[in-house]
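Once you know that position 296 of the sequence shown is 313 in the numbering used here, the rest is easy, because the numbers rise by one and skip nothing.
The beta-carbon is built from N, C-alpha and C at its ideal position, and this holds for glycine as well.
Treat the numbers as computed from the prediction; the structure is a model and nothing was measured.
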Amino acid sequence: MTSVTNTLPSGDARIPAASVGGDVPDYFALLKPRVMALVIFTALVGMVVSHGHVQPIVGFISLLMIAIGAGASGCLNMWWDADIDAVMTRTAKRPIPDGRIRPDEALAFGLVLSVGSVLVLGLAANWLAAGLLAFTIVFYAVIYSMWLKRTTAQNIVIGGAAGALPPVIGQAVVTGSVGIESLVLFAIIFIWTPPHFWALALVKAGEYARAGIPMMPNTAGPESTRRQIVAYTLLLAPLGLAPVALGFGGLIYAVVALLGGLAMVAFSIQVLRHREGEAEKRAAMGMFGFSILYLFALFSALLAEQSFGLFRAVIA
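See the structure below:
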(Lines of atoms letter the chains of each structure in order from A; the text may use other names.)
(Lines give C-alpha, C1' and ligand atoms only; values in the text may rest on other atoms or scores of the structure.)
Protein backbone atom coordinates (compact mmCIF):
# COMPACT_ATOMS: atom_id res chain seq x y z
CA MET A 18 0.00 0.00 0.00
CA THR A 19 1.34 3.39 -0.97
CA SER A 20 1.02 6.14 1.62
CA VAL A 21 0.64 9.78 0.67
CA THR A 22 0.05 12.90 2.70
CA ASN A 23 -3.58 13.90 2.82
CA THR A 24 -4.91 17.22 4.10
CA LEU A 25 -7.85 16.73 6.46
CA PRO A 26 -10.77 19.07 7.11
CA SER A 27 -9.12 20.54 10.20
CA GLY A 28 -6.07 21.55 8.17
CA ASP A 29 -3.76 18.86 9.59
CA ALA A 30 -1.59 17.02 7.06
CA ARG A 31 -0.14 14.20 9.14
CA ILE A 32 -2.40 11.32 8.19
CA PRO A 33 -1.37 8.74 5.59
CA ALA A 34 -4.17 8.19 3.08
CA ALA A 35 -4.99 4.82 1.60
CA SER A 36 -4.23 4.44 -2.10
CA VAL A 37 -7.32 2.22 -2.53
CA GLY A 38 -10.58 1.82 -0.65
CA GLY A 39 -10.62 -0.19 2.56
CA ASP A 40 -12.17 -3.59 3.19
CA VAL A 41 -15.66 -4.19 4.54
CA PRO A 42 -14.43 -4.50 8.17
CA ASP A 43 -12.73 -1.10 7.80
CA TYR A 44 -15.97 0.55 6.70
CA PHE A 45 -17.85 -1.22 9.48
CA ALA A 46 -15.33 0.12 11.99
CA LEU A 47 -16.12 3.66 10.79
CA LEU A 48 -19.66 3.17 12.12
CA LYS A 49 -18.46 2.73 15.73
CA PRO A 50 -20.26 -0.63 16.16
CA ARG A 51 -20.15 -0.58 19.96
CA VAL A 52 -21.93 2.76 19.98
CA MET A 53 -24.40 1.43 17.41
CA ALA A 54 -25.20 -1.50 19.69
CA LEU A 55 -25.97 0.88 22.57
CA VAL A 56 -28.13 3.03 20.28
CA ILE A 57 -30.15 0.00 19.14
CA PHE A 58 -30.63 -1.09 22.74
CA THR A 59 -31.75 2.28 24.11
CA ALA A 60 -33.98 2.95 21.10
CA LEU A 61 -35.63 -0.45 21.60
CA VAL A 62 -36.33 0.39 25.24
CA GLY A 63 -37.81 3.71 24.11
CA MET A 64 -40.13 1.73 21.86
CA VAL A 65 -41.28 -0.82 24.44
CA VAL A 66 -42.02 1.73 27.19
CA SER A 67 -44.33 3.60 24.83
CA HIS A 68 -47.25 1.18 25.32
CA GLY A 69 -48.12 1.44 21.66
CA HIS A 70 -48.20 -0.99 18.78
CA VAL A 71 -45.91 -1.16 15.79
CA GLN A 72 -45.80 -3.85 13.13
CA PRO A 73 -42.73 -6.07 13.65
CA ILE A 74 -41.31 -5.37 10.19
CA VAL A 75 -41.71 -1.61 10.71
CA GLY A 76 -40.08 -1.89 14.12
CA PHE A 77 -37.17 -3.87 12.70
CA ILE A 78 -36.60 -1.47 9.82
CA SER A 79 -36.86 1.49 12.19
CA LEU A 80 -34.27 0.07 14.60
CA LEU A 81 -31.99 -0.72 11.66
CA MET A 82 -32.27 2.84 10.31
CA ILE A 83 -31.68 4.35 13.76
CA ALA A 84 -28.56 2.19 14.04
CA ILE A 85 -27.36 3.16 10.56
CA GLY A 86 -28.00 6.84 11.30
CA ALA A 87 -25.95 6.54 14.49
CA GLY A 88 -23.23 4.78 12.54
CA ALA A 89 -23.29 7.51 9.90
CA SER A 90 -22.77 10.20 12.51
CA GLY A 91 -19.90 8.17 13.96
CA CYS A 92 -18.38 7.90 10.49
CA LEU A 93 -18.61 11.66 9.96
CA ASN A 94 -17.07 12.17 13.40
CA MET A 95 -14.12 9.95 12.44
CA TRP A 96 -13.71 11.84 9.16
CA TRP A 97 -13.55 15.19 10.92
CA ASP A 98 -11.46 14.02 13.88
CA ALA A 99 -8.87 11.98 11.98
CA ASP A 100 -6.12 14.47 12.83
CA ILE A 101 -6.65 14.22 16.58
CA ASP A 102 -7.35 10.48 16.40
CA ALA A 103 -3.85 10.06 14.97
CA VAL A 104 -2.16 11.40 18.12
CA MET A 105 -4.20 9.45 20.69
CA THR A 106 -3.21 5.86 21.41
CA ARG A 107 -6.78 4.57 21.80
CA THR A 108 -7.84 5.96 18.39
CA ALA A 109 -4.67 5.87 16.29
CA LYS A 110 -5.61 2.53 14.71
CA ARG A 111 -8.95 3.72 13.42
CA PRO A 112 -9.30 3.25 9.64
CA ILE A 113 -8.55 6.84 8.56
CA PRO A 114 -5.50 7.70 10.72
CA ASP A 115 -4.17 4.20 10.08
CA GLY A 116 -4.32 4.86 6.33
CA ARG A 117 -6.82 2.10 5.46
CA ILE A 118 -9.57 4.43 4.22
CA ARG A 119 -9.22 7.83 2.58
CA PRO A 120 -11.00 10.77 4.28
CA ASP A 121 -13.03 11.57 1.15
CA GLU A 122 -14.29 7.97 1.03
CA ALA A 123 -15.33 8.15 4.68
CA LEU A 124 -17.10 11.46 4.10
CA ALA A 125 -19.05 10.10 1.12
CA PHE A 126 -19.93 6.93 3.04
CA GLY A 127 -21.18 8.88 6.06
CA LEU A 128 -23.26 11.30 3.98
CA VAL A 129 -24.93 8.53 1.95
CA LEU A 130 -25.82 6.58 5.09
CA SER A 131 -27.09 9.72 6.81
CA VAL A 132 -29.47 10.68 4.02
CA GLY A 133 -30.53 7.10 3.35
CA SER A 134 -31.31 6.24 6.98
CA VAL A 135 -33.41 9.37 7.49
CA LEU A 136 -35.41 8.87 4.27
CA VAL A 137 -36.08 5.17 4.90
CA LEU A 138 -37.10 5.81 8.53
CA GLY A 139 -39.51 8.52 7.38
CA LEU A 140 -41.08 6.24 4.78
CA ALA A 141 -41.20 3.17 7.04
CA ALA A 142 -42.36 4.81 10.28
CA ASN A 143 -43.11 8.55 10.33
CA TRP A 144 -41.42 11.85 9.63
CA LEU A 145 -41.22 12.94 13.27
CA ALA A 146 -38.94 9.99 13.99
CA ALA A 147 -36.99 10.73 10.80
CA GLY A 148 -36.65 14.39 11.75
CA LEU A 149 -35.35 13.46 15.20
CA LEU A 150 -32.83 11.09 13.62
CA ALA A 151 -31.68 13.82 11.22
CA PHE A 152 -31.31 16.24 14.14
CA THR A 153 -29.27 13.66 16.06
CA ILE A 154 -26.90 13.13 13.13
CA VAL A 155 -26.41 16.86 12.58
CA PHE A 156 -26.01 17.54 16.28
CA TYR A 157 -23.33 14.89 16.73
CA ALA A 158 -21.44 15.39 13.47
CA VAL A 159 -21.63 19.20 13.25
CA ILE A 160 -22.51 20.77 16.60
CA TYR A 161 -20.47 18.37 18.76
CA SER A 162 -17.66 17.14 16.49
CA MET A 163 -16.96 20.29 14.48
CA TRP A 164 -17.68 22.91 17.13
CA LEU A 165 -18.04 21.88 20.78
CA LYS A 166 -15.36 19.19 20.99
CA ARG A 167 -12.50 21.53 20.15
CA THR A 168 -13.77 24.74 21.74
CA THR A 169 -15.25 24.07 25.19
CA ALA A 170 -14.79 21.81 28.19
CA GLN A 171 -18.59 21.48 28.20
CA ASN A 172 -18.32 19.46 24.99
CA ILE A 173 -19.39 16.23 26.66
CA VAL A 174 -22.19 17.89 28.64
CA ILE A 175 -23.88 19.53 25.65
CA GLY A 176 -22.86 16.90 23.13
CA GLY A 177 -24.35 14.19 25.32
CA ALA A 178 -27.77 15.16 23.97
CA ALA A 179 -27.00 13.30 20.74
CA GLY A 180 -26.34 10.04 22.58
CA ALA A 181 -29.45 10.50 24.71
CA LEU A 182 -31.91 10.88 21.82
CA PRO A 183 -32.35 7.25 20.61
CA PRO A 184 -35.10 6.42 23.18
CA VAL A 185 -36.98 9.53 22.03
CA ILE A 186 -36.69 8.43 18.40
CA GLY A 187 -37.85 4.96 19.41
CA GLN A 188 -40.99 6.31 21.06
CA ALA A 189 -41.67 8.53 18.07
CA VAL A 190 -41.54 5.45 15.83
CA VAL A 191 -44.25 3.73 17.86
CA THR A 192 -46.56 6.61 18.79
CA GLY A 193 -45.74 9.37 16.31
CA SER A 194 -45.13 11.64 19.29
CA VAL A 195 -42.72 12.28 22.16
CA GLY A 196 -43.91 11.35 25.65
CA ILE A 197 -42.72 11.62 29.22
CA GLU A 198 -41.29 8.09 29.19
CA SER A 199 -38.69 8.75 26.50
CA LEU A 200 -37.92 12.20 27.88
CA VAL A 201 -37.06 10.65 31.25
CA LEU A 202 -34.81 8.10 29.53
CA PHE A 203 -33.21 10.98 27.62
CA ALA A 204 -32.56 12.80 30.91
CA ILE A 205 -30.98 9.72 32.51
CA ILE A 206 -28.53 9.21 29.63
CA PHE A 207 -27.84 12.95 29.41
CA ILE A 208 -26.89 13.23 33.10
CA TRP A 209 -25.01 9.90 33.01
CA THR A 210 -22.74 10.98 30.14
CA PRO A 211 -20.47 13.58 31.88
CA PRO A 212 -19.38 11.45 34.87
CA HIS A 213 -18.93 8.47 32.56
CA PHE A 214 -16.60 10.27 30.14
CA TRP A 215 -14.88 12.51 32.69
CA ALA A 216 -13.75 9.43 34.62
CA LEU A 217 -11.96 8.27 31.47
CA ALA A 218 -10.70 11.80 30.80
CA LEU A 219 -8.94 11.85 34.18
CA VAL A 220 -6.84 8.89 33.02
CA LYS A 221 -6.39 10.11 29.43
CA ALA A 222 -5.83 13.79 30.27
CA GLY A 223 -2.34 13.79 28.78
CA GLU A 224 -3.55 12.39 25.47
CA TYR A 225 -6.42 14.87 25.27
CA ALA A 226 -3.99 17.71 25.98
CA ARG A 227 -1.63 16.48 23.26
CA ALA A 228 -4.54 16.35 20.81
CA GLY A 229 -5.67 19.85 21.79
CA ILE A 230 -9.09 18.79 23.09
CA PRO A 231 -10.27 20.96 26.03
CA MET A 232 -11.58 18.18 28.26
CA MET A 233 -12.55 19.13 31.79
CA PRO A 234 -9.38 17.83 33.55
CA ASN A 235 -7.23 19.94 31.21
CA THR A 236 -9.20 23.17 31.61
CA ALA A 237 -10.77 23.18 35.08
CA GLY A 238 -8.22 20.78 36.56
CA PRO A 239 -8.53 17.24 37.97
CA GLU A 240 -9.85 18.38 41.36
CA SER A 241 -12.74 20.32 39.86
CA THR A 242 -13.47 17.40 37.53
CA ARG A 243 -13.69 15.00 40.47
CA ARG A 244 -16.13 17.27 42.29
CA GLN A 245 -18.28 17.60 39.19
CA ILE A 246 -18.31 13.81 38.75
CA VAL A 247 -19.68 13.51 42.28
CA ALA A 248 -22.25 16.29 41.67
CA TYR A 249 -23.58 14.73 38.48
CA THR A 250 -23.70 11.30 40.11
CA LEU A 251 -25.67 12.65 43.08
CA LEU A 252 -28.16 14.04 40.55
CA LEU A 253 -28.21 10.83 38.51
CA ALA A 254 -28.98 8.46 41.41
CA PRO A 255 -32.46 9.87 42.23
CA LEU A 256 -33.16 10.61 38.56
CA GLY A 257 -32.69 6.91 37.85
CA LEU A 258 -35.73 6.25 40.07
CA ALA A 259 -38.00 8.58 38.08
CA PRO A 260 -39.50 5.75 35.97
CA VAL A 261 -40.76 4.17 39.20
CA ALA A 262 -42.39 7.41 40.33
CA LEU A 263 -43.97 7.85 36.89
CA GLY A 264 -45.33 4.31 36.79
CA PHE A 265 -43.39 2.70 33.94
CA GLY A 266 -40.70 1.17 36.12
CA GLY A 267 -41.63 -1.73 38.40
CA LEU A 268 -40.13 -3.49 41.40
CA ILE A 269 -37.23 -5.06 39.52
CA TYR A 270 -36.30 -1.73 38.02
CA ALA A 271 -36.64 0.02 41.39
CA VAL A 272 -34.17 -2.37 43.04
CA VAL A 273 -31.69 -2.11 40.16
CA ALA A 274 -31.94 1.70 40.06
CA LEU A 275 -31.60 2.09 43.83
CA LEU A 276 -28.63 -0.24 44.25
CA GLY A 277 -26.98 0.92 41.04
CA GLY A 278 -27.40 4.57 41.96
CA LEU A 279 -25.86 4.02 45.39
CA ALA A 280 -22.96 2.16 43.79
CA MET A 281 -22.42 5.00 41.32
CA VAL A 282 -22.22 7.47 44.20
CA ALA A 283 -19.76 5.19 46.01
CA PHE A 284 -17.55 4.95 42.91
CA SER A 285 -17.63 8.73 42.45
CA ILE A 286 -16.53 9.23 46.06
CA GLN A 287 -13.61 6.87 45.43
CA VAL A 288 -12.65 9.04 42.46
CA LEU A 289 -12.79 12.09 44.70
CA ARG A 290 -10.66 10.45 47.41
CA HIS A 291 -7.89 8.95 45.28
CA ARG A 292 -5.93 11.72 43.61
CA GLU A 293 -2.53 10.25 42.75
CA GLY A 294 -0.78 7.37 41.02
CA GLU A 295 -2.23 3.94 40.41
CA ALA A 296 -4.95 4.44 43.00
CA GLU A 297 -6.28 7.40 41.03
CA LYS A 298 -6.23 5.38 37.80
CA ARG A 299 -7.96 2.38 39.38
CA ALA A 300 -10.68 4.57 40.91
CA ALA A 301 -11.33 6.45 37.66
CA MET A 302 -11.38 3.33 35.49
CA GLY A 303 -13.56 1.58 38.05
CA MET A 304 -16.03 4.43 37.78
CA PHE A 305 -15.86 4.36 33.99
CA GLY A 306 -16.40 0.61 33.79
CA PHE A 307 -19.21 0.46 36.34
CA SER A 308 -21.05 3.37 34.73
CA ILE A 309 -21.45 1.26 31.57
CA LEU A 310 -22.82 -1.62 33.62
CA TYR A 311 -25.15 0.74 35.48
CA LEU A 312 -26.77 2.15 32.34
CA PHE A 313 -27.06 -1.31 30.77
CA ALA A 314 -28.68 -2.68 33.95
CA LEU A 315 -31.22 0.16 34.13
CA PHE A 316 -32.39 -0.26 30.56
CA SER A 317 -32.28 -4.07 30.75
CA ALA A 318 -34.57 -3.98 33.79
CA LEU A 319 -37.05 -1.77 31.95
CA LEU A 320 -36.91 -3.97 28.88
CA ALA A 321 -37.42 -7.14 30.92
CA GLU A 322 -40.38 -5.72 32.83
CA GLN A 323 -42.07 -4.31 29.74
CA SER A 324 -41.47 -7.49 27.73
CA PHE A 325 -42.91 -9.63 30.54
CA GLY A 326 -45.92 -7.35 30.68
CA LEU A 327 -46.49 -7.72 26.94
CA PHE A 328 -46.14 -11.51 27.22
CA ARG A 329 -48.73 -11.67 30.00
CA ALA A 330 -51.10 -9.51 27.95
CA VAL A 331 -50.77 -11.85 24.96
CA ILE A 332 -51.46 -15.06 26.89
CA ALA A 333 -54.19 -13.58 29.11
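- Distance from the CA of serine 79 to the CA of glutamate 240, rounded to the nearest whole angstrom, comes to 43 Å.
- For arginine 292, the secondary structure class from DSSP, reduced to helix, strand or coil, is coil.
- Secondary structure remark: continuous alpha helix (DSSP H) runs of at least 4 residues inside the region 164-212, in chain order: 172-181 and 183-192.
- The criterion of a C-beta distance shorter than 8 Å is not satisfied by methionine 232 and alanine 216.
- Residue Ala87 holds the alpha-carbon nearest to the alpha-carbon of alanine 178 among Lys49, Ala87 and Leu289.
- Look at alanine 142 here: in three-state DSSP terms it is coil, with no helix or strand label.
- The continuous alpha helix (DSSP H) containing valine 56 extends over residues 50-65.
- Across the set Ile118, Ala103, Arg107 and Ile186, the C-alpha of Ile186 shows the shortest separation from the C-alpha of leucine 138.
- Boundaries of the alpha helix (DSSP H) harbouring valine 75: 73-97, taken from the DSSP string.
- Of the residues assessed, alanine 125 falls on the exposed side of the cut-off, its CB having fewer than 16 other CB atoms within 10 angstroms.
- Leucine 312 and phenylalanine 284 have their alpha carbons spaced roughly 14 Å apart.
- In the three-state DSSP reduction, isoleucine 230 falls in the coil class, being neither helix nor strand.
- Along the region 239-292, the alpha helix (DSSP H) occurs as fully enclosed runs of 4 or more residues at 239-256, 259-262 and 268-290, listed in sequence order.
- In the structure shown, arginine 299 adopts helical secondary structure according to DSSP, grouped into three states.
- For alanine 158, no alpha helix (DSSP H) segment is defined, and its DSSP state is neither H nor E.
- Separation of proline 255 and methionine 281 (C-alpha to C-alpha, rounded to the nearest whole angstrom) is 11 Å.
- Residue state for alanine 123 is assigned as helix, using DSSP reduced to three classes.
- Close CB contacts of valine 261 within its chain, under the 6 Å cut and outside five residues either way in sequence, are with Ala271 (chain order).
- The three-state reading of DSSP puts valine 104 in coil, since its state is none of H, G, I, E or B.
- Note on histidine 70: under 16 other CB atoms within 10 angstroms of its CB, so exposed under the neighbour-count rule.
- Under the DSSP assignment, proline 112 falls outside any alpha helix (DSSP H); it carries neither an H nor an E label.
- The beta carbons of leucine 93 and serine 162 sit closer together than 8 Å.
- Contact annotation: the region 283-301 touches the region 241-248, with at least three C-beta pairs closer than 8 Å.
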